[in-house]
Every structure is written in structure tokens, then in C-alpha cells.
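Chains as they are written, first to last, in my numbering: chain A, 1 to 421; chain B, 422 to 842; chain C, 843 to 1263; chain D, 1264 to 1684.
Even for Gly, the Cβ is constructed at its ideal location relative to N, Cα and C.
Read through the structure below, which is laid out as C-alpha cells, and then see the notes.
In C-alpha cells:
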């Protein structure tokens, strides 16, 4: 069987190919001469699969899509507080090339506008950028020397921004060196597959889905995705988040990435830009993907089945006493556990045996595990005995036996229901 | 057993009670004389449970927390496009009482700042506001006539805003009538339990978790939550979203709600406000909740188990042919299905029977269902026969039998694995 | 003989009549329906002559041209400091209807923009406005009730401004009452002759050139003219002052006044407005007047003759001693006196008689008088005797005789040169 | 006798010496270490006298006081229109170092803020600056190399501005070269005497009062003074113009110049600056000078004597016919002539002889001359014969005889009244 995903992605590209609004970025010849019909889409999943359709082998300069990754690297190197001293996290509602400094602190409002990105770059050195982007992409990235030279030659606004930043003490380094380095960072060559896997690394809590490397810690990925959510699409951030609902970043070459926490990274390429500087077809593609796949972060999925698959009171183990057996299913998460705790509130005090059967459970979230153990602790304190049936060791107890459910009380853990005496 | 949730919530309140920064809103006596030690927290879950601790019986005026709900009602009544003609969705990076009109269209930038909220109110009539808020809260809400009168008497800025809006043709109605109505809307009396259930209604895709009423359609809830995400906390929106990561809205009485899609609604009360106009302790409470419960929207959960619980090739039905049996578990969603499709790609063309056993599946997402059927369709086209074992009718086929997997090809659906001939 | 002035003024109108750029103010029907071909020009001189040509009998509403006069009245009633607490004097570089409040004090930046003018109006009462404007015009002015009603009905922006001003504590009064009164002030009916004489009153240091009434004190006229210079033409103030160089104010009816200190007042009418809201032909007319008449305030006149018409040493009175006789001419002002003092420095110490003959002097400025007396005092202290010949009593000594030239020393004053013994 | 002017100026310095508000400019060590007690005042008159008191021999860097002079040089070299394409003339109401670009054209709002001054400098070359400033000062000015180096090393904001200007196509040159040159321009060393004579050159219609060189044409001086009036004192321009009323420019070294058209130039030095960046004592000094000397441009002088000193009808020349003899005095200017024309309107048609005696006239303004000749022309056309008595050739006819008073009609010109037959 051939996976339907590439076919679906090709369909999406075709559906958006009639969109020909927008203009090529014109400030340097290399961008102005890009082929406006270029169209590509890639997806990288948390388990490391990569799909790419259309002009997937075309390499282009990463441009502003480098901003969230450089931000993530700066967070790793300097910590959150130190980076926040230099760059804020507030949406500016302004275009990418506005200076947008906080009027009280003179900090750039966020790392997704040029002023913020230049400041972030000043916190990194050239080797760190090269190594960090290589880790995100899973391969070394080359600089397009021609684009780099061309952009640097016309980088008046970025030079202005860098000088203003040094004037305000936001950056220390030589403005020319910073703009030079930032321009090199923006001139790294990528294809949509690279971008998808880079986005997937953020979406995957910082772990590269292919190499398995923890490129940035979990909190850095979270911080970066949050900033992409509110600031990634410049002055169209609200429009994007209401219609697409995916943390994203666009670049002037026509690239556009979306990173969906836990679900993977997407990347599109189409060089024509709308008035916000975002790829026109790229936006269309993501609107389609978000709608088709129900990936809007504010889209509430239909309620899952209740955590309790069944509840029976019976003498299951033939010891002459009726046990209260709860068969759990699905995800032991906050919502499910809250529901289960309400049910457990019905258990009168007494010495009844309570069995919590996790055989049908396929994931245990951290908050769910804590709620489950706290429920068990309270049952024990009420006089019950509690037994977890956990064939797949979802509770990560290692060996079957007893488990301390908090400050003393213990419960039994068994691998099979009928293995009990 | 007593549920640990109220105890946990009480712990959170206690942990935040040493925070005494911030100032009471001072512009009207009723707010200036509020008891600054008031502290309450409530939670409403999608299944209709409500927990409330602290000063849960204290009623206070809803103030700006009314904004997202009025926005939702206007969306219902007028549709998205008509509302967007009047109010944008872009974060303003400005304080709540800034005029913040879009320089090209004169529309208020978003419905969470006063200019936008006044515009939204002008799209509703008094009866609609009363009925709509009653539906969200699950009970009729009264107006605090004293606060209303006091606020109206000092509503110079809102009058200024309303006149400016009419000047720009954004509102048609009499500015005084609009401000009067808006002030009444802001003076509705609620307690934290009301707010939690109202937030839960948004988080529950528009369905009231207690009454079961579909208060607003799914798309309206999504749109409202998205706007809360980028604009709900005024000029601290980015700070809030990076640290707390929950769609939220604050009010000048010290109320603060968070709505977590699919997971429920939280509401806190503490009257002292920080410089952004957000409840100081309220922010602390939410930071704690978000951290403890892993509810930050950008927090990637640990990877769930793979969708494929097991795969075996065997002559299960004793007909002399080996079937390829995939035992699925957990959630049939995009990520899981993508993985499964990769596995199914290994199935050579041929006439083998493929069994997809959904007995351990506890939810099927829409995108997952479509991917599953498309996979089945391709297998059939490749010559395989495909059988779903679906004891709990997760595929919602109604009766067992055959299912059209798209444009002709069919698969078998059985309720039990061993019921096959 | 017929004075050439009206003919000249008619010529100016004709020369500008081919200019048909600009648009009628369209926000109320009364202005939108004005006859765009209306064209009038008036001049009022400090001695009370009034010339008016073109549509000089057409009455129109005074609109923003009322602003400097209301400002002058408020200065009279409250004093400079109190008015400055409410309204600044800084140019805003913004259009007439911008709010333009000082970000630190919330004061309107100046009294020529609407926010400032509304604030100024709030410092006056209706009777004061009526009486004050009557004094400036030399006749009672009526309100155009239709324009007033029409403007009030569409005064959303001014209401917005007034509410914002009260919000900031800049005005205390009811915003509606203030806007109502302000709109009445703007609806006063004038013709170009009225406006010319009103401007002339300011140009004449506050004294009405016809009635002779001191309508406002000298310092108020100076303050008002200074504010007109920097703020009178909104965001075209700099363009106007460089090209025309006359303190001025425009109104949306197409009126335009210029007040040239000491020289009189001009007023033009032509309803079509440029993008700054200033009368297109009005601006042309003033450019022509300024150029033809050399009235640009920054235009340096050709140097006048030196103050010393002649200097001779001779025994004029036949007493056997040579006197040093300085025949002065023209204006005894700073420049002339400075020059004379340099000459007097050549007078060696000694007991020579110094004669200062003012027979050809036609004005003595205050600073000139002080310099002249100080020079005389120093000559006397050096041992000289000093005699003023002052046939026309330019020194205002009343009787001839002796004059105390400062702290003791005295000089002689004679009415005729040859009357000395 | 010793001129009282230096004594007066010393008195002014002493009266202001108790003012010790303000702070030294601190951004470079050379300014931060200036002696804050430095205090100097100079005056240069149109006839070339220079007075200087206090620390008159202290040299300091000219800083922003160079701006109007560079602007004047650029106007000379490129013409008004070309300069206006690069820099506007509108007050910005902003501090000296704001970028303040016109939002529609990206031009700096005026040449007195840094963005405008840098743009102006880019229109000049180094030799032109050196030669032009030497012409204004009447001597070659040296650069303070230490201040220049120090300022250049910290010129981040100016570099930012220059890059932004090139980004907008306002300047073409290399931003570093422009800022380098501009910094050298600002580092020219002057004393208050230099500044006074430079200001006097502008006040003297472009002619250097000492060297007599026409440094810039009359229109350039007018344009420059007009821009100084509205923009010279940054965001205190309105405050300055209402209280002092003199075109002015301040610099960060504590220098402050005032140029009073036709009356001369003043310069003060005192290094402590107010929050607008203007010398605190310098402002006080000018307030005092303006008040004492009645030099506020909006101060209306007391009315001069009427132009007509006397009017008699008599047979002065004994020819048996009564002539109508007007003895004129003072200045033949617009105001005086308007008055005279009103009188001449009383002359019935007829063949009477009209004598206009200019013996007591000490200046004839251009507009007055035209009005006088036009009046004469009309009298001749009415049938009168007209005779000017003009002993000092105020009408600049050269020889006595006849003068064409316009399109044919002639009048007689005589040097003495009684020389007529």
C-alpha cells in the first residue's frame, strides 16, 4: 500500500495553486528573480517520518524563519531571564521591519520582529549559530553567499535598527558585526523538508524526531512555540491564530512553518507574499491543513470516552468478598481522572477492596498519575485496600508489588488481574 | 473518599495568599472599597462538575470578563464576516482602555480592548445580552445597580471611545445608549463558580457542561478562545501566554478566567491588580495551576503509546490463511494513524486479509477516521480484504457488516474478532 | 483720487481665481453646499480703515478662526498660568481634529487644534463669548442656527474629544454643554470685513482699530499672535510660516485671517480647502500679499538710514564754545541707538556740551529711549552737559526744562535749537 | 563715554547667574566635564559692532547650532525645491534626537532635528562646510578633534538615523561618511562672539555685518530664520516663541543663538541644559533680553507718528496758486502710505499742484515706494501735477527732474522745496 499522506499533500498544493495573489520580495535581485510558481509542502512527524511534495528539492534562504530557532538557542545559552532582559515577548501588532521597542525599557517587543531577532543574534556567536541550526535541521546548512552579500549590501534598515539597539544599550556588540552575522543566519539554505523537521523538533519538545538529539530543553521549545503563537505572523498574528490556530513563522523567501505541539512540523514554500510579508499560498495551504486535520489549537475534539470503561462490584477473585473493580481506558489525564475521582467519592468508607484495572489504558499523563495515586492514597486512608492491575506498567513501577501512594499508604500493583491470590 | 481536587485548589490559594502586590481599582468607590483579601478559585469540568474554594460565594461585577462572551454572542447573531467588519482580531500590545483603532480601517484592533468591546456590545440588544449571559452562566445574572450607576457616572473615557467609534462609522447607535448598555453588561454579578462554568462552556466547544445547551456553535467557541489567546490579557498577552499558556480574560474587579479547550474552565478572584490591570494573585494562581497540571498549551505531553499495540501474522480464524492483524489502542488520531499508515505501507500487494482490531481504541478523531478509511480503501484497491473488529462501534457504523471505505471499495466490520467464519 | 488699495486687492483676487484645487468641507450639508466660487478679501489697518473686495458681503460661519479669539478671552479672564495649566502652546504637527494631548500632562498641545479649543471654550461662558467676540468684531455677531444644529448633530469627534478631556481632568464641565457652546462659537456669522478688523485688533496690540476699545491687553495679543505663528495652520504651520510668514488662522468655511503686528489684519474667503483644511485660494492670496508687500516677518527690510543724520562740532549758540551736535532722524530704536552710542564713545571726557537734536526723529521706541537717556547719563557723569532738542516732545517730557537721566544726572530739554541762551 | 551696552549685558548675566537648574550633557566625557559655571553673552549688530561679556573667550563646540547654517548653505547650493524634497519645514513637537520622519514621504520633518540635519549635511561636502562656516563666522573655524572623536565613537543614534535615511532613499551617501562629516560639523569650535556674528548674518538678510560679504542670499536667510522660528527649540518651540519671540537655535554644549531680523544676533553660553536640551541659563538670558528690549516679534510697538507730518494748502512758491503740500516723515511703509492714500483721496479732481515733501523721511520701504508712486500716478491721471521734494534722494531717482510714476504719467522731483520756480 502506498501511504495516502503524500497524495493528500499534493492535493492541498493543487487546491491552492490557483491562488496567484501577492508579490515577490523585491529588495534584492536574488529574491525578486525567484520563480513565483515554486510550490512545496513538507511534513515531519514526531516519530521521524518526513513527507515532502512539490518542489521539495528547491533550496531557498531561511530568512525570518530562522528567528524562532535562534531565539531557542539564545534561551538555552543564557536562560530565560537573561534573554527577557534583552527582548520581550509581547506582540507588536506591527510589520516585521518596525523597530517596535518597548517605550519604557527600550527592549524590542519580541524576537520575531527584526529588532528582536538582531538582538537575539547578538547573544550567539557564529559557531553557535552554525552548530545550533545544524542540530535543528539534522544536517549542516550552507550559507547562500550571493543572497548574503546582496542582503548585506542593502541592509540599511537592519543597520539602523542595530545602531539604535546599541544606542539603547540593548546590544553591546559592533552593529555591523551583528548585522553581518544576522544576515548570514538569514541566508542559510534550506528546503521544505529541513524546515518541517526543524519545526517538528520544536513541536516534539525539543527532541529531534530523526536524530533523537535533545536539541533544546523542553521549556525552551515551549517558550519558543508560545512566542510563535502570539508574534510569529507579525501584524497578521491574530488573523492567523483565529483562522489557522497553529504556532507558525514565515520568511520573506516564501517559506512558512507551523509547529503543532506533539503532532509534528509542517513547512510550505511559495514565494509570492501578501501585504504582511507572509507567503500568500503558504497561508492558504495552512488554512486548508488546519481545517482538514482539525489541528486548530482552539478546536475542541469531541469528548473522548470516559476513563472508566466499566465498573463492577463482584467477587472477582473468588475470595468471598466483593471487590469494586474499575476498568480504566484511554488516557489517564486531568479530565478523565477528575471524572473517576467523582466516582470514587461514592465509595463509602470501609475496608472494601478497590481494583483499578489499567489494562486498557494507553497513556498516563503526569497530572493524571498524580491524581490517581492521590485518589488511591485517600482510599487507603479511608480503610480500603487498593490494587492496580497494570499489565503494561503504565505507572512505571518497574516490578509489580506495592507502591507508596504518598506519605505512607501503599497500594498493590499486579501485572494481571487474575494473578491475585 | 473525598475528592482531592478541592484540597488541591485550597492549597493553591494558600500558596498564593502571601502575594500582596497590586492595587485595587480606584476609579469608582465600589471597586476601591472591595475587600482586598477576597480570594476564590473555581473549576468547572466538561462533564459539569464544579469545584469552588475560598470566597466562592462572593459576588462581584464581571467587568471585562464579559467581553469574550459578548463577542461570542455577536458572532452567533451576525456571523464572522460581519463582526470582522466592525472589530479586528489583532493584539494591540496596549492597555485595556486605549482606543487602538486600526489606522487604515478605523476598526478597533480587537474585541478585548474597550473600543472593541463597546463596538461588540452595539451589535447586541439588552435582551440578547441578558439571555446570552444567562445561557453561558446557566442562570440569570443580576446587574449591580450601584456599580452600574457609579461606573456610568465616570464613564468619560468610554463615552469618548463610543463617540469616536460613531465618528468613524464603526457604530451606528447612540453612543450614550451603547455605553449605558455596555456598562450594564460589565455590571453583571457573578461568582467564581459562574465564571468557571462560563469559561467551561467555551472550552467545551460551546456546550454548557451543566445544562447541556449548545450556547454558541463550535466555531464561535474556537474563534473566541483564539482571540482570548492573543488579546485577552492586554499588553501582558505575550507574558501570560508564555508563562501560563491558557486562553484567558481578566476583569477590573479582580476576576480572571482561563478556558482550556476540552479540559474545562477555571476562574479566580482577587481584587488587587497589577500594572496591566490583571489580578496579581489571579495571575499567580494560574501560573501555579498551569505548572502543576501541565496545562500550558505549548507543553508537549510525553509521547503516547503507539497506536499499534500489536501486529501479528497468523491464521487467527483457522481458515488456513494467515491474516495480518493489527491491534490498535488509544486514540486514532493524526499522529497515530500516520504511524500506522507507514506500517501498512509494508503490506505487499496481494490478496491477504488485513484485520484492524479496534477493541482497545478509546477514541477516534475525525482526521484519524478519515485516514483509517483511506488506508483501508488503498489496501482493498491493492487486492487485500480488510476487516475492522470494532466491538464498541468506534467507527460509528451502526450495524456490523460492510463499510464503504470511499468511492466503491468496501471493508468488513465485525463486533468481535472471533465471530468471523 | 481713488485709493489704489481696493484695486490692488481686486487684482490679487483675480490673479488667484484660476486656482480651483481643493474640496468643500463635506461633513455637514451647509458647508458642502457653499458656493465654491465665493472669493473675498478684506484689510483693516491699525488706524481703522477697512477695505473689502469681492464677495465682501457674504456672511459665513467663523469656525476655527474663532479659536485664537476665544484663547485671547480666556487669557484675559484666567491669566496666562491658569490657561497654560489647561492647554499648551506647542505645535502638534497634526491635523486640526487630532486629539494631540501632551503624553505627560494630558493637556491639549495647543489651543488651535480642536482639543485645545474645546478646552479653552470650557473656560468661558456663553455671555463672555458673545460679548468678547462682539468686542473683537465691533458689532454683535449672530449664530447661524442651521449650521450650529447641523454641526452639533455630527459632532461625534468633538464629543469624543470632550469626554476624553474630562476623563483626563482637563475640563470639568459637562462635555455636551462644552461641545454645544463650542459649536455655537464656531457658528458665529462673520464677513471678511469682520475678520479683518478682528485680526487687526490682535495686530494692534489688543486695541480695536475702529472702536478704540482695548479688547484684550497687550500681552494677550502678543501671546495669541505667537501661538497663531507656530500652531495656526495645523500640520502646514511650517510651510505657511516659511512661505507667507504671517501669524494666521484658517477655518473650515474657507476663511483665513492674517494678523501682522503693528500693520493690520487681513481676511480672505474661498471655500475650497486643501488637504490640511486650509482654504486653497486663501493660501494663494496670502502668499501673494506677503510677497508683494514684503510682509514676511522674517524678511529683513533694507537698512534704514543711520539714526545720526549729521554730526557737527561748531559754536552753534555763539557762546564761544564748540558744541558737539548730533542731528538724529528716523526711529530711536535699539539698532539706531547702538550705533549712536558707538559714536558717543568717541566723545572724550571733558566738559563739552553735547546737543542731541530730535527734530527729525519720528518715533522713539521704549528701548531706544532708555538707551538714549543712559547715554546721556554717562555723558553727564563724564563731565559733559547734555541738551536734547526735542521740538515734538518725542521724549514725552511734557515741558521743556531739565530731565533726570537716571539716578541724579540731568540733561536739558529744549523745544527749539536756537532758543538756547 | 563708555557704551552702556556691555554693562547692561553683564547685568543680564549676573541676574541669571543664580539659576543653577539643569544638567550637563553627559553622553561624552568632554561635555560632561565642561565647567558648568561658564557664562557668556555676545551681541553683533547689523553694522558690525560686536559686544561680548562673561566667558567670551571660551571656545566650545557649536553642536546643533550648526544646523541652521548648514541648512542655509544647502539652500544656496541646491535651491529651495531640491532641499524640500529631502527635508520638510514642519515642527515636530519632538526632542532633538527623534527620527521624526514624515509618514507619507519619509522626509525628516525639519532640518533642526538630527535626522534633518544629517540629511542637510549629506547635501554638502567637507570643503563647502568649512568654507561656508568660515564665511558665516568671518574666520576659519577649527574642529575640536577630541570632541569629534568622542562623539563619533558614541554616535550610535546618529548612525541609526543615517542608515534609516538611506533605507528610505533620503540620503544617498555612505551613512558612516555622512555621520562622520556631520560630527565634524558639530565639533567646530566657536565662542559666543562668533555665534553672535553668525546669527547677525542671518538677521542681516545674509550679509555679514563685519566682512560685508553676502554669505547667503536674502531668501535663504528668510527661509532659515522662519524654520528657526517654528523648529529651532525642538519640543519647546512654542514655549520659546511665546515667551521670547525670537528665531533661535540651541546646542548641547550650552550655546544658544537668537537672530532678530534687521536688528542683529545674540549668543549665550551656559552648559547646563533643561529637559528639552536647551541651556537653562541661556533661556533665562534671552527671556530677559526679549523683555527688556521689546524684541518679541509679536510685540507691537507703540504706533509711530503718522507719515504725514503736516499738510497745508498755501501758495508756497508764490505763483498765485495754492499748492497742497504734504510733509512726510519717518518711514514710507505700508501702514503710513495707506494712511496717506486715505488723505489723498480727499483731493478733488482738478489741476491743483500736489507737493509731497520727503525731507523728513528717513526710510522708504519697497512697498511704500510702490504705493507712493501709484498714488502719484492716480493724482496725475486725475489732472493734478505732482512734485516730490526729495533732498536726500530717498526715491533713488538719481538726478532731480521727472519720474515716470507708472505707464506714462510723470511727476517732478526736486531736491529742495524752494528751488522751484
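Assigned exposure category for residue 1685 of chain D - 16 Cβ within 10 Å defines buried: Nothing can be reported for residue 1685 of chain D: it is not among the residues displayed for chain D, which extend from 1264 to 1684.
query: How is the beta strand (DSSP E) around residue 551 of chain B delimited, first residue to last?
result: Careful: residue 551 of chain B lies outside any beta strand (DSSP E), inside the alpha helix (DSSP H) at 547-558.
message: Is there a C-beta anywhere in chain A that falls below 8 Å from the one on residue 696 of chain B?
response: no
- request: Tell whether a beta-carbon distance below 8 Å holds between residue 600 of chain B and residue 539 of chain B.
  value: yes
- prompt: For residue 1367 of chain D, does the count of other Cβ atoms within 10 angstroms reach 16, so buried, or fall short, so exposed?
  reply: exposed
message: With a threshold of 6 Å on Cβ separation, who are the neighbours of residue 421 of chain A within its own chain once the five nearest residues in sequence on each side are excluded?
response: Note that residue 421 of chain A has pLDDT 45, beneath the 50 cutoff, so the model's placement of it is unreliable and the number below is only indicative. The answer is none, since no qualifying residue turns up.
query: Within the 8 Å Cβ cut-off, does residue 753 of chain B reach chain A?
result: no
query: Smallest Cα separation from residue 821 of chain B: which of B:830, B:837 and B:461?
result: B:837
Inter-residue spacing [alpha-carbon to alpha-carbon] between residue 672 of chain B and residue 115 of chain A: 32 Å
task: Starting from residue 1230 of chain C, follow its DSSP beta bridges and name the residues at the other end.
output: C:1198 and C:1255
- request: Out of A:8, A:159 and A:406, point me to the one whose CA is closest to residue 53 of chain A's CA.
  value: A:8
query: If you drop the 5 nearest sequence neighbours on each side, which residues of the same chain put their C-beta closer than 8 Å to that of residue 1391 of chain D?
result: 1336 and 1340
- prompt: Which term fits residue 660 of chain B, buried or exposed, when burial requires 16 or more other beta carbons within 10 angstroms of its beta carbon?
  reply: buried
- prompt: Between residue 653 of chain B and residue 533 of chain B, what straight-line distance do the alpha-carbon atoms span, to the nearest angstrom?
  reply: 6 Å
query: Hey, is residue 1206 of chain D's beta-carbon within less than 8 Å of any beta-carbon in chain A?
result: Chain D is shown only over 1264 to 1684; residue 1206 of chain D falls outside these bounds and no answer can be derived.
task: Determine whether the Cβ of residue 1254 of chain D lies closer than 8 Å to any Cβ atom of chain C.
output: No information on residue 1254 of chain D is available, as it lies outside the stretch 1264 to 1684 that chain D covers here.
message: Taking the alpha-carbon of residue 1034 of chain C as reference, which of C:1166, C:1006, C:1095 and C:1215 has the nearest alpha-carbon?
response: C:1095
message: Along the chain, where does the alpha helix (DSSP H) containing residue 292 of chain A start, and where does it finish?
response: 280-293
- prompt: Are the C-beta of residue 1169 of chain C and some C-beta of chain D separated by less than 8 Å?
  reply: no
query: Alpha carbon to alpha carbon, how far is residue 1245 of chain C from residue 1238 of chain C?
result: 10 Å
task: Please name the residues in the segment 104-128 of chain A whose beta-carbon is closer than 7 Å to at least one beta-carbon of chain D, in chain order.
output: none
task: From the DSSP output, in three-state form, read off residue 20 of chain A for me.
output: coil
field: For residue 424 of chain A, the first and last residue of its enclosing beta strand (DSSP E)
entry: Not covered by the structure: residue 424 of chain A. The range shown for chain A is 1 to 421.
task: Please go through the same chain and pick out, in chain order, the residues whose beta-carbon is closer than 6 Å to the beta-carbon of residue 1265 of chain C, but skip the five residues on each side of it.
output: Since the displayed chain C opens at 843 and closes at 1263, residue 1265 of chain C lies outside it and no answer follows.
Boundaries of the beta strand (DSSP E) in which residue 1101 of chain C is found, first to last residue: 1097-1102
- prompt: So which residues of chain A does residue 663 of chain B contact, with C-beta pairs closer than 7 Å?
  reply: 89, 223, 226 and 227
field: Strand pairing of residue 196 of chain A, partner residues [DSSP]
entry: The partner list for residue 196 of chain A (beta bridge, DSSP) is empty, contrary to what the question assumes.
Beta-carbon proximity check, residue 707 of chain B vs residue 753 of chain B, cutoff 8 Å: no
task: Check whether the Cβ atoms of residue 222 of chain A and residue 714 of chain B sit closer than 8 Å, and answer yes or no.
output: no
query: Which residue or residues does DSSP assign as beta-bridge partners of residue 635 of chain B?
result: B:628
field: C-beta contact flag for residue 45 of chain A and residue 756 of chain B at 8 Å
entry: yes
task: Enumerate, from N- to C-terminal direction, the unbroken beta strand (DSSP E) stretches of 3 or more residues contained entirely within the segment 460-514 of chain B.
output: 461-465 and 471-475
- request: Let me know if residue 1017 of chain C comes out buried or exposed under the rule of 16 or more other beta-carbons within 10 Å of its beta-carbon.
  value: buried
query: What did DSSP end up calling residue 1089 of chain C once you bin it into helix, strand or coil?
result: coil
query: Do three or more CB pairs link the segment 604-624 of chain B to the segment 571-579 of chain B at distances below 8 Å?
result: yes
message: Give me, in chain order, the residues of the same chain whose beta-carbon lies closer than 7 Å to that of residue 1399 of chain D; leave out the 5 immediate sequence neighbours on both sides.
response: 1332, 1461, 1464 and 1478
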